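Working notes, beginning with the structure itself.
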Amino acid sequence: MSEAERRRIVAERAEHCCEYCFSQSLLSHDDFALEHIRPQNDDGTDDLFNLAWSCQGCNSRKYTAQTAIDPPTGLSVALYNPRTDTWRNHFVWSEDFSQIIGVSPTGRATVARFDLHRSGVANLRRALAIGGYHPPRLTLFEE
């Protein structure tokens, strides 16, 4: 399978949103990345099940990490895996939909590691919400 075909399939599966912060790739000035959930340097493959659609901010913050510290407990826990974890078990939206709130150790560690409250993302979410474009209407939230 070509890289272009792989990117198309992963982007469509993610409904063109970062699978971590839900920035919308169709509204982004940066290219999105095929992020290896299990890094290649840890025997991760290019199999579609191991790939996530990721904005540059989340991709660079995750880098090769598979675990992170849950801030309130100080324990190292697995990061959110968009292929095997259910989003609503780990996260909720803030009332104004500008922030993703971690509600489990994995959720809190992922929010901290990916800095999901970074100002640029939160500001964009607020602006898109005014126009009715945020939160994205993803089938993932309906599961």
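Number 54 in the working numbering belongs to position 51 of the sequence shown; there are no gaps in the numbering. Using N, Cα and C, we set each Cβ at its ideal position, and we do this for glycine too. If you're wondering where the values come from, they're calculated on a predicted model, not measured in any experiment.
Going by Cα to Cα distance, which pick from 56, 67, 32, 105 is closest to residue 42? 67
Residue span of the alpha helix (DSSP H) that contains residue 87, given as start and end: Segment: none, residue 87 is in no alpha helix (DSSP H) and carries neither H nor E.
Suppose the cutoff is 8 angstroms on Cβ atoms and the five residues either side in sequence are ignored; what does the same chain contact list for residue 118 look like? 60, 64
Should residue 111 be labelled buried (16 or more other beta-carbon atoms within 10 Å of its own) or exposed? buried
Report all residues from its chain with a CB closer than 6 angstroms to the CB of residue 28; omit the five preceding and five following residues, and keep chain order. 19, 35
Do residue 85 and residue 22 count as a contact pair if the criterion is CB distance below 8 angstroms? yes
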